[in-house]
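J.:
Residue numbers (our numbering), protein chains in the order written: chain L, 27 to 167; chain D, 27 to 167; chain S, 27 to 167; chain W, 27 to 167.
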């Protein structure tokens, strides 16, 4: 099953150079991930409030290929790069809604599953692992 | 004609107090305004690139009524508070998608129409004035 | 005692129109308030973690007088507009470091003191009230 | 010559998980880079306004080692990873002001020098190349 997130670039995403500020592309990646979790019935805010498990990002990377401007309509394609007992890595591709061959950005986020109080790694909840396995597999870069 | 914008609260909208950081609600207001312009066929980025007209915010206000958390699905109701030769004021109401009687925030933005090079007030383009007139009227606060 | 916060406008504060995105000025106001609390020995993160008291913003307003660009060095003058048992209102003025008569923005934030679990108003801690009283008084607008 | 940027974590940098939102660390990296340029007398906003040269980020990466909370005082150590005719790569390390052995984050940004109108690579201005050469060299990772 593929997961695709629709997004419109907003003025607040841009900077004085006229295009999207680089770090905001990572925020758009994370929005796609949040929407994926919601679609799978996983309540991120509930997990945070409960305080038993957190999924912070240990590492991320971003390649900017084509600048995006305010008003651009894009799709974010989400894929699973790796899944381990205590974490996972997702990859993202931002393409134009008008032409999916126009790729604006690619990147990845590596998440670790931790106990947020002790900040120690713990096993990834089964429901989350199962949901992630439904994603298309990314070729390891 | 009423204009309603759908939005989902993202983790990046929140802060360590667990709820949406206040200034981000104004950004959500502005997104609703941007989507309204796009729906009316007004190309905000085109206007900025052209450099003949800009619509900066001269004044804004925000009332926070009920905190919002990551994952909340809201609607933003847009209304026209006033329309003048060289500017306009919009009002916003953020309500829960599940129950529009639950109001999270209210506020307004007052825009002036300027020549961005000279930073002097100029007449609002007719197409924008016409589009704004299609919005429901807000009671002046 | 006056409290003045120094700040440099960053690229991430700006948008494609070339100047600071309006909502980010409110974030700069809040930074000044955070630095004031830190200077007074009040640990905002400690308060949040403890969970006994929170100081959310119930209302804010902003007047934009002169646009700011990336690299601008500004001062934020903080003043106390009102102090009540269960809340307070601060006012802010952003001026150029090179010439304090050049005012870029003015605004205010009204904070309520609440029990964050019950979301009910509670008395403002005495240490915070005392610190706020050390600020210059703003004329009520 | 080493370049060190002082920064205080703000509430707006954090998210509901209680710590700094990952993408905001990249924004802090970029602030350090902006301050370095300013120190070297390079006017980033002037370059953007002039429109002859832009230095967008083609690639960035981030490793999060230790979470940061609101109020934390950090230093960002800037180093030059590589310098080419038409671009450069910087590396960053975020450490605690109280103890520089406590490393919170490491990362890098790769910039390309372009003509912003044509979006084609051009030679890096000599003044910028010279300034970058004054930075300590990072070991290629």
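In this text, a Cβ means the ideal position worked out from N, Cα and C, and glycines have one as well.
Between residue 38/W and chain D, is any beta-carbon pair separated by less than 7 Å?
T.: With 7 Å as the cut-off, residue 38/W counts as an interface residue toward chain D.
J.: When DSSP labels each residue in this structure, what does residue 144/D get in the three-state scheme?
T.: Residue 144/D: coil per DSSP, three-state reduction.
J.: Which chain D residues are close to residue 66/L, counting only those with a beta carbon under 8 Å from its beta carbon?
T.: By Cβ distance, chain D contributes nothing, its closest Cβ being about 12 Å from residue 66/L, past 8 Å.
J.: Bridge partners for residue 129/S per DSSP, in chain order?
T.: Paired residue(s): 121/S.
J.: Contact criterion: CB-CB distance below 7 Å. Does residue 33/L meet it with respect to chain S?
T.: Not closer than 7 Å to any Cβ of chain S, the Cβ of residue 33/L fails to qualify, so no.
J.: According to DSSP, simplified to helix, strand and coil, what is residue 78/W?
T.: Here residue 78/W sits in coil by DSSP.
J.: So what does residue 96/L bridge to, in DSSP terms?
T.: Answer is none; residue 96/L lacks a bridge partner.
J.: Report the three-state DSSP secondary structure of residue 36/S (helix, strand or coil).
T.: Residue state, collapsed to three classes: coil.
J.: Please state if the CB of residue 85/D and the CB of residue 136/D are separated by a distance shorter than 7 Å.
T.: Yes.
J.: DSSP state of residue 59/D, grouped into three classes?
T.: Residue 59/D: helix per DSSP, three-state reduction.
J.: In the DSSP assignment, find the unbroken beta strand (DSSP E) run with residue 87/S in it and report its ends.
T.: Where residue 87/S is concerned, the enclosing beta strand (DSSP E) stretches over 83–90.
J.: In the structure shown, what three-state DSSP assignment does residue 42/S receive?
T.: Looking at residue 42/S - three-state DSSP - the assignment turns out to be coil, as it is neither helix nor strand.
J.: Return the Cβ separation of residue 29/L and residue 118/L in integer angstroms, given the expectation that the two are a contact with Cβ distance under 8 Å.
T.: 10 Å between Cβ atoms; not a contact.
J.: Suppose the cutoff is 7 Å on Cβ atoms and the five residues either side in sequence are ignored; what does the same chain contact list for residue 112/D look like?
T.: Within the same chain, residue 112/D has close Cβ partners 138, 139, 147, 148, 149 and 150.
J.: Just mark residue 162/L as buried or exposed, buried being the case when its beta carbon has 16 or more other beta carbons within 10 Å.
T.: Result: exposed.
J.: Taking C-beta to C-beta, are residue 53/S and residue 49/D nearer than 7 Å?
T.: Yes, Cβ-Cβ distance for residue 53/S and residue 49/D is below 7 Å.
J.: What does residue 44/W reach in chain D if we use C-beta pairs closer than 7 Å?
T.: Simply 42.
J.: Using the beta-carbon of each residue, which ones in chain L are nearer than 7 Å to residue 168/S?
T.: The structure shown does not extend to residue 168/S, since chain S is modelled only from 27 to 167, so the question has no answer here.
J.: Within the 7 Å Cβ cut-off, does residue 85/D reach chain S?
T.: Judged by the 7 Å Cβ criterion, residue 85/D is in contact with chain S.
J.: Assuming residue 155/S is part of the alpha helix (DSSP H), what are its boundary residues?
T.: 152–159 is the extent of the alpha helix (DSSP H) around residue 155/S.
J.: Let me confirm a value: residue 128/D is counted as buried when at least 16 other C-beta atoms fall within 10 Å, else exposed. Which label applies?
T.: Exposed is the call here.
J.: Taking the beta carbon of residue 142/W as the centre, do at least 16 other beta carbons fall within 10 Å, making it buried, or is it exposed?
T.: It is buried - the Cβ of residue 142/W has at least 16 other Cβ atoms within 10 Å.
J.: Run down chain W in chain order and give the residues with a C-beta less than 9 Å from the C-beta of residue 118/D.
T.: Ordered by position in chain W, no residue passes the 9 Å Cβ test against residue 118/D, which lies about 21 Å from the chain.
J.: Is it buried or exposed, residue 67/W, if we count other Cβ atoms within 10 angstroms and call 16 or more buried?
T.: So residue 67/W ends up on the exposed side.
J.: List, in order along the chain, the chain L residues whose C-beta lies closer than 7 Å to that of residue 80/W?
T.: Those are 43, listed as they occur along chain L.
J.: Determine the contact status of residue 101/W and residue 32/W, defining contact as a CB-CB distance below 7 Å.
T.: For residue 101/W and residue 32/W, yes; Cβs fall inside 7 Å.
J.: Under a CB-based cut-off of 7 Å, is residue 47/W close to chain D?
T.: Yes, residue 47/W counts as interfacial toward chain D.
J.: If we cut at 7 Å on Cβ distances, does residue 60/L have a partner in chain D?
T.: For residue 60/L, the answer is yes, since a Cβ of chain D falls inside 7 Å of its Cβ.
J.: Do the CB positions of residue 87/W and residue 134/W come within less than 7 Å of each other?
T.: Yes. Within cutoff.
J.: Using CA atoms only, rank isn't needed, just tell me which of 98/W, 123/W and 106/W is closest to residue 62/W.
T.: The candidate whose alpha carbon is nearest that of residue 62/W is 106/W.
J.: According to the neighbour-count rule (16 or more other Cβ atoms, all chains shown, within 10 Å of its Cβ), is residue 160/D buried or exposed?
T.: Exposed, because fewer than 16 other Cβ atoms sit within 10 Å of the Cβ of residue 160/D.
J.: Going by DSSP in three states, residue 164/W sits in which element: helix, strand or coil?
T.: If DSSP states are grouped into helix, strand and coil, residue 164/W belongs with coil.
J.: Would you say residue 53/L reaches chain D, if we count a Cβ-Cβ gap shorter than 7 Å as a contact?
T.: Output row for residue 53/L: interface = yes.
J.: For chain W, check one thing: does any of its Cβ atoms lie closer than 7 Å to the Cβ of residue 89/L?
T.: Answer yes: the Cβ-Cβ gap between residue 89/L and chain W drops below 7 Å somewhere.
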